[in-house]
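Below is one structure; the comments refer to it alone.
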Amino acid sequence: MSKAFTRESDDLPDEPMPRLPSALPPGTKNYLTPEGARRLREELTRLREAERPKAETLPDATERKRQLQTLGQRIAYLHQSLQNGEVVQPPPAPWNSVKFGATVTVRDHGGREARYRIV
1 MSKAFTRESD DLPDEPMPRL PSALPPGTKN YLTPEGARRL REELTRLREA ERPKAETLPD
61 ATERKRQLQT LGQRIAYLHQ SLQNGEVVQP PPAPWNSVKF GATVTVRDHG GREARYRIV
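Per the working numbering, the sequence shown runs over residues 1 to 119.
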């Protein structure tokens with residue numbers, strides 16, 4: 001291919017993807033509901049066992065590298081979230097106060113109900 005039809009960026013080495021910052025300030029506990037922790041573990045397993053092997057077989061080297069970097073970053077984030085997370089069991093009923101993990105039903109003056117989960 002003629003050099004006239006390539007981008008300068010094609011010749012440059014690939015830049016590593018920037019590391020994603022933690023969603024929480026340093027030293028803050030990452031509380032997880034049992035369901036939230038289960039969903040994170042399921043996603044981590046799916047990425048490791050299905051998505052990454054599929055990305056490794058992509059024929060286009062640039063796309064393969066991009067997807068593997070993206071997957072690697074997400075896998076690292078999920079692993080860190082699970083390692084640093086603290087699973088909190090929902091409080092038993094009846095509740096005198098609302099706490100993390102609780103599901104709360106409220107009713108307005110018109111009798112309409114809404115449910116909220118405290119996470």
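We put the beta carbon where it would ideally sit given N, CA and C, even for glycine.
All figures in this text were calculated on a predicted structure; none of them were measured in a lab.
- Contact between T33 and V98 fails: their C-beta atoms lie close to 14 Å from each other, not under 8 Å.
- Spatial neighbours of E56 in its own chain (CB-CB distance under 8 Å, excluding positions within 5 residues in sequence) are listed in chain order as R64 and L68.
- When the alpha-carbon of P91 is set against those of Y77, S81 and V119, the nearest one is in V119.
- Checking the DSSP bridge columns, you'll see V87 partnered with L32.
- In the DSSP annotation of this structure, the continuous segment of the beta strand (DSSP E) that includes E113 starts and ends at E113 to R117.
- Contact between E113 and V106 holds, with the beta-carbon distance rounding to 7 Å and staying under 8 Å.
- If you compare the alpha carbons of S81, L82 and A50 with that of L71, the shortest gap goes to A50.
- Under DSSP, R107 shares a beta bridge with E113.
- With a threshold of 16 other beta carbon atoms within 10 Å, L78 meets it and is buried.
- With contacts defined by Cβ atoms closer than 8 Å, I75 and L47 form a contacting pair.
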